[in-house]
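Take this note's numbering: the final residue in the sequence shown is number 187, and no numbers are missing along the way.
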Amino acid sequence: MINDIFKVELYKVKLNHIDNDKIVDYINENIVKSLSYDTAGKSKDDVDVLTNKVFKELNDEILNHLNSLFHKTSKFDYKLILSQGWFNKGGDDLITDPHKHNNSMYSAVYYPLSIDGQIKFLNPANSLNYKLHTKHLKTYDKYNSENWTEPVRTGELIIFKSGLFHWALPSKYDRYSVAYNTEVVNG
Numbered sequence: 001m002i003n004d005i006f007k008v009e010l011y012k013v014k015l016n017h018i019d020n021d022k023i024v025d026y027i028n029e030n031i032v033k034s035l036s037y038d039t040a041g042k043s044k045d046d047v048d049v050l051t052n053k054v055f056k057e058l059n060d061e062i063l064n065h066l067n068s069l070f071h072k073t074s075k076f077d078y079k080l081i082l083s084q085g086w087f088n089k090g091g092d093d094l095i096t097d098p099h100k101h102n103n104s105m106y107s108a109v110y111y112p113l114s115i116d117g118q119i120k121f122l123n124p125a126n127s128l129n130y131k132l133h134t135k136h137l138k139t140y141d142k143y144n145s146e147n148w149t150e151p152v153r154t155g156e157l158i159i160f161k162s163g164l165f166h167w168a169l170p171s172k173y174d175r176y177s178v179a180y181n182t183e184v185v186n187g
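If you want it as structure tokens, here you go:
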């Protein structure tokens, strides 16, 4: 018998009542055109996603999903709050390079517009498989894959542990996302 002794959750849900057009319009009006590591503090970290009324309904919905997931394993004495929020359009260096989010418990990404978007996650247990070669495998599965690719479409929210290395894959169409980091506080 095989027992899975460690698991990593990837929570995904479709949010049907968010005004995606209003969010996309806001991003188009406020995005810094040349995003790179040099402009990260000016373009992503200083936006008003956490306080702007355009995002209020989305923020509230995301917090509900985050805390529902968090409380499956955590005491109700604690809760998650949104500690940081930013938006993306297309793919810049900051989201297409493998990265993780330090100082955050969970990260959440909502897609107000995504036709062919994909986010890829690196298996955190990948180092355990360092001796495996493709010639040894029947098929890739959850026990031996190096990464996981998740398709993301308009209206979908994904939540994952912030320490997972992840990145956005190139897209043929404009892809818009609103991303969040969280902090654990007393409930």
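For glycine and all other residues, C-beta sits at the position ideal for the given N, C-alpha and C.
In the structure shown, the three-state DSSP call for Asn147 is strand.
Straight-line measurement puts the Cα of Leu69 at about 14 Å from the Cα of Lys7. Looking at Tyr140, Lys120, Pro151 and Ile18, the one whose alpha-carbon comes closest to that of Pro98 is Lys120.
Note on Leu128: under 16 other CB atoms within 10 angstroms of its CB, so exposed under the neighbour-count rule. Contact annotation, Phe165 with Lys100: C-beta distance approximately 5 Å; criterion of less than 8 Å satisfied.
Between Ala168 and Asp60, the alpha-carbon positions lie close to 25 Å from each other. With fewer than 16 other beta carbons inside 10 angstroms of its own, Pro170 counts as exposed.
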